[in-house]
Amino acid sequence: MTRKSTPTEQAARMLDLVPYISSHQGISTAELAAEFGISVAELLTDLNSLWMCGDNRFDLIDLQFESGYVTIRNAHTLNRIRSLSQQEIISVLIGLDLIAKSLPSNREDLLLDISKVKSKLGGEMARMLDASPVHDGEILSKVRQGLEQKRKIMITYYSPTEDRVTSRSVVPLQIFSKDEHSFLVAFCESVSAQRTFRIDRIQEATLQEKTLAASSSTVVDELRNTVEIAILSNVRKSRESLGSFVQGEGDRVTVSSYSAGWLLRTVISAGGAMKVTSSPEVRQQIATVAQKTLDLYR
Amino acid sequence: MFLPGVVGQQRVLTVSRKSERLVNLTIALLATKRWLTKSQIFSSVDGYEGEPDAMERMFERDKDDLRNLGITIEVGSFDPLFDDEVGYRIRPENYQADIDSISSRELSLISLATQAWKGAVLNSSALSALIKLKSLGVDSDVDSIPGLAPTLHISDSNFATIVDAISERRVISFNYLSADLISVIRAIEPYGAGTKNGFWYVAGRDLDRKDMRLFRLDRFDSEVKRQGKAAAYEIPSDFVMGQSLTHPEESCTATIKVRRDKAHALRSRAISIVDEEEWSTIEIKYFRESELLSDVLWHGEDALILSPQSARDSAITSLEMIVQSHD
Chain H
0 MTRKSTPTEQ AARMLDLVPY ISSHQGISTA ELAAEFGISV AELLTDLNSL WMCGDNRFDL
60 IDLQFESGYV TIRNAHTLNR IRSLSQQEII SVLIGLDLIA KSLPSNREDL LLDISKVKSK
120 LGGEMARMLD ASPVHDGEIL SKVRQGLEQK RKIMITYYSP TEDRVTSRSV VPLQIFSKDE
180 HSFLVAFCES VSAQRTFRID RIQEATLQEK TLAASSSTVV DELRNTVEIA ILSNVRKSRE
240 SLGSFVQGEG DRVTVSSYSA GWLLRTVISA GGAMKVTSSP EVRQQIATVA QKTLDLYR
Chain E
0 MFLPGVVGQQ RVLTVSRKSE RLVNLTIALL ATKRWLTKSQ IFSSVDGYEG EPDAMERMFE
60 RDKDDLRNLG ITIEVGSFDP LFDDEVGYRI RPENYQADID SISSRELSLI SLATQAWKGA
120 VLNSSALSAL IKLKSLGVDS DVDSIPGLAP TLHISDSNFA TIVDAISERR VISFNYLSAD
180 LISVIRAIEP YGAGTKNGFW YVAGRDLDRK DMRLFRLDRF DSEVKRQGKA AAYEIPSDFV
240 MGQSLTHPEE SCTATIKVRR DKAHALRSRA ISIVDEEEWS TIEIKYFRES ELLSDVLWHG
300 EDALILSPQS ARDSAITSLE MIVQSHD
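Top line first, the protein sequences correspond to chains H and E.
First residue of the first sequence? That's 0 in numbering that gives the first Met the number 0, and the numbers climb one at a time after it.
First residue of the second sequence? That's 0 in numbering that gives the first Met the number 0, and the numbers climb one at a time after it.
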């Protein structure tokens, strides 16, 4: 809906409208537009154009839609579902594979259905594609429900930075995706502050009562620790471990993070490949932890 | 045009627009049992107007457009023994999807599968696939499947090019960042694509290295270019993308000393745990020593490598380097 369709895209939609309306006679224009992902105005343009089409001047498609409900007759030639394109098949196959790997273990019946659909659609193509979920689909679904229904969620959360598993009651504020991960921004009642949780690190989620009011509806950006880092070796791997918090090209980078603890652990875990060059306090912290660990080895 | 009984709606005669002409052409070619010649098409299909040359060019473009939509237009002649004018047609069996039935539960699964693409690169393909399958007229039965929210995060337009290349079996080339961040041109015969742990991969035969390789999409440093002809190679019959994404077996064992109630990430991987006063001794499996090293160093003073000796030595050397460069 963000851009105008090309004539070819519009033609494709007109061809697909015919069998869809035939099997959904009397569908409302609003519902039909929503199904096709277009505005009602665009749909009316399509229907008006389609109405002009036919085998010849005396055998036009009989299309009724002025009442706000659409019916079609005399569209015999076009009343066929167009074969799916390879890209369409691939998109469905990948989605199905993802679902198969997200299903609870007691749903072998659905696994069977999925493999049946895969072979109906793709056959040979299915083995070329594979999708494993990053996070538990049920957990993301509960988090979304909590957000939509304005309900608190009790979560069990693993934080690698703090090296702790905690249970906390949170009021969901926003879900966003960055790079490979989905995050939940929520007001955490245990610490009375806004926190960001990576959804794949939520081990359990239980929906709770409705919240009376959102504790804080504005999402605060809490990036606050910024340091300069020189990457001494393993440039690609080091940059990747700094993830989306990294700015700058090559081996001289600026890193802004939510947590000083995360930065410290990331630099030490790089095993000498990274050197913090800017903040004396951060440098001191890193040297101290490394020295203490070294003392334990000796 | 005489149109009896039309009230409210009006068939307005406008200059036939391109989209209407494409639909009319499709109808004409689908409805015909015999080959339609260009002159027959120009006289019977609404929208072909103007000089013969202009109509010719229009028709050539329209044919390309319909073929790009995946519609197969056949070209043939009435009598192969004579150099007759060629004709065109679309065979209904080629145009039509080869799916006759689908259960409502299957449709619900497909519907959920297409939702996973919301906001991601194949979203419009997923949406149009769902529309076509819904046209079979089956009602979906959402209550029969568990509440899952599958999501595929990929906005990289290279992915669409890659899956097209796989289905066409066409060579692709791209710039790829090496471990020291140098951009190197690679050319592969792509075999498969997939996602694991949030990363997206393409597997294929590297034409320079003459061997199978796995590439991560976020390490691509250019647009993917398609090269040469379709059906340029065969995908081995025993190729399975899932196997290419399987982590190599973690065949080595390390012994680690971890502080009580600390280093949860290591503890959750332990194959044996011996608890003492302040420390526990655990064993974990690993694949690469460099990965073991960074996993243990992450925990700072809470985890120490006891064996293998080589990993313990690397830990000590690394820590010495860190102290030296931060003092």
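In this text, a Cβ means the ideal position worked out from N, Cα and C, and glycines have one as well.
In this text the structure is predicted, and so the values were computed from the model without any measurement.
| Check | Outcome |
| --- | --- |
| So the candidates are 226/H, 163/H, 11/H and 99/H; which of them puts its Cα closest to the Cα of residue 260/E? | 163/H |
| Can you tell me whether residue 224/E is helix, strand or coil according to DSSP? | strand |
| Assign residue 272/E to one of two classes, buried (16 or more other C-beta atoms within 10 Å of its C-beta) or exposed (fewer than that). | exposed |
| Compute the Euclidean distance between the alpha carbons of residue 274/H and residue 306/E, then round it to the nearest angstrom. | 27 Å |
| First and last residue of the alpha helix (DSSP H) that includes residue 145/H? | 136-147 |
| Just the chain H side, please: which residues come within less than 9 Å of residue 239/E by C-beta, in chain order? | 126, 127 and 129 |
| If you measure beta-carbon to beta-carbon, which residues of the segment 195-208 of chain E are closer than 8 Å to chain H? | 195, 196, 197 and 198 |
| Could you name the residues of chain A that residue 162/E contacts, counting a contact when the two beta carbons are closer than 7 Å? | Absent from the structure is chain A; the protein chains it does hold are H and E. |
| Unbroken beta strand (DSSP E) runs of length 3 or more, entirely within the segment 56-108 of chain H: which are they? | 61-63 and 68-72 |
| Would you identify the three-state DSSP class for residue 162/E, choosing helix, strand or coil? | helix |
| Interface residues of chain E around residue 18/H at Cβ under 7 Å? | 134 |
| Give the residues of chain H in contact with residue 150/E, contact being defined as C-beta atoms less than 9 Å apart. | 97, 132, 133, 134, 136, 139, 176 and 181 |
| Whole angstroms are fine: how far does the CA of residue 103/H sit from the CA of residue 57/E? | 55 Å |
| Using the Cα positions of residue 291/H and residue 161/H, report the straight-line distance between them to the nearest angstrom. | 18 Å |
| Buried or exposed: residue 355/E, going by 16 or more other Cβ atoms within 10 Å of its Cβ? | No statement about residue 355/E is possible, as the shown extent of chain E runs from 0 to 326 and does not include it. |
| Excluding the 5 residues flanking residue 33/E on each side, which residues of the same chain have their C-beta closer than 8 Å to its C-beta? | 77, 86 and 88 |
| Tell me which residues of the segment 260-275 of chain E have at least one Cβ-Cβ distance to chain H shorter than 8 Å, keeping chain order. | 261, 262, 263 and 264 |
| Given a threshold of 16 other Cβ atoms within 10 Å of its Cβ, counted over all protein chains shown, does residue 365/E qualify as buried or as exposed? | The structure shown does not extend to residue 365/E, since chain E is modelled only from 0 to 326, so the question has no answer here. |
| List the whole-angstrom C-beta distance separating residue 156/H from residue 200/H, where the pair is believed to meet the contact cut-off of C-beta under 8 Å. | 6 Å |
| Consult DSSP for residue 214/H and reduce its assignment to one of helix, strand or coil. | Here the model assigns residue 214/H a pLDDT of 46, short of 50, so the residue's position is not dependable and the matter cannot be decided. |
| Is there a Cβ from chain H that is less than 7 Å from the Cβ of residue 51/E? | no |
| Of the residues 189/H, 297/H, 131/H and 123/H, which one's Cα is nearest the Cα of residue 112/E? | 131/H |
| Could you tell me whether the segment 117-128 of chain H touches the segment 140-150 of chain E, using the rule of 3 or more Cβ pairs below 8 Å? | no |
| Give the residues from the segment 278-299 of chain E that approach chain H closer than 9 Å (Cβ to any Cβ), ordered along the chain. | 289, 292, 293, 294, 295, 296, 297, 298 and 299 |
| Measure the C-alpha to C-alpha separation of residue 173/H and residue 195/H and round it to an integer number of angstroms. | 9 Å |
| Quick check: residue 326/E and residue 286/H, are their CB atoms within less than 7 Å of each other? | yes |
| For residue 86/E, report the span of its beta strand (DSSP E) as first-last. | 85-88 |
| Below 8 Å on the Cβ atoms is my contact criterion, and I expect residue 178/E with residue 235/H to pass it. Report the Cβ-Cβ distance as a whole number of Å. | 5 Å |
| Along chain H, in chain order, which residues have C-beta atoms closer than 7 Å to that of residue 91/E? | 79 |
| To the nearest angstrom, how far is the alpha carbon of residue 216/H from that of residue 122/E? | Confidence at residue 216/H is low in this model, with a pLDDT of 47, below 50, so the placement of that residue should be treated as unreliable; the coordinate-derived value is given next. Looking at the two C-alpha atoms, the distance is approximately 30 Å. |
| For the 8 Å Cβ check, are there 3 or more pairs between the segment 144-152 of chain H and the segment 131-145 of chain E? | no |
| Tell me the DSSP secondary structure of residue 51/H in three-state form. | coil |
| At a CB distance below 8 Å, what residues from the segment 101-112 of chain E approach chain H? Give them in sequence order. | 101, 102, 104, 105, 108, 109, 111 and 112 |
| Going by Cα to Cα distance, which pick from 109/H, 100/H and 101/H is closest to residue 103/E? | 109/H |
| Is residue 32/E close to chain H? Criterion is C-beta to C-beta, closer than 7 Å. | no |
| Identify, in the order they occur along the chain, each residue of the same chain with its Cβ nearer than 8 Å to the Cβ of residue 309/E, setting aside the five sequence neighbours on each side. | 288 |
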